[in-house]
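**Q** Per my numbering, residue 1 is the first one in the sequence shown, and the count goes up by one each step.
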Amino acid sequence: MAASQLRNIVSNRKNYYGVFAATFISGESKQICRENGIGFIDLAGNCLFKFDNVYLS
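1) Taking contact to mean at least 3 C-beta pairs separated by less than 8 Å, is the segment 43-56 in contact with the segment 12-24?
2) Within its chain, find whatever has a CB closer than 6 Å to the CB of residue 57; leave out the 5 residues flanking it on each side and keep chain order.
3) Leaving aside the five residues before and after residue 6 along the sequence, list all residues of the same chain whose C-beta is less than 8 Å from its C-beta, in chain order.
4) Take residue 32 and list the residues in its own chain whose beta-carbon comes closer than 6 Å to its own, dropping the five residues that flank it on each side.
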């Protein structure tokens, strides 16, 4: 649900990229973020930023 809300917020804004941040992001949550084109970062060092010519994992 949060992923779809974040996707809807950024889809209405030019040059925005949604990023979900949490203490820990589970494998299932990471997959949901990937499927919705949302970046993520957590305190365990897991991250994904993928937009334009940027890919950081």
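Where a beta carbon is used, it is the ideal one built from N, C-alpha and C, also for glycine.
**A** Taking the definition as stated:
1) yes
2) Here residue 57 is taken as the residue at index 57 of the sequence shown, counted from 1. So the qualifying residues of the chain are 48.
3) Counted from its first residue, the sequence shown places residue 6 at position 6. Once the five neighbours on either side are set aside, the close Cβ partners of residue 6 are 18, 20, 36, 38.
4) Within the sequence shown, numbered from 1, the residue matching residue 32 stands at position 32. Within the same chain, residue 32 has close Cβ partners 3.
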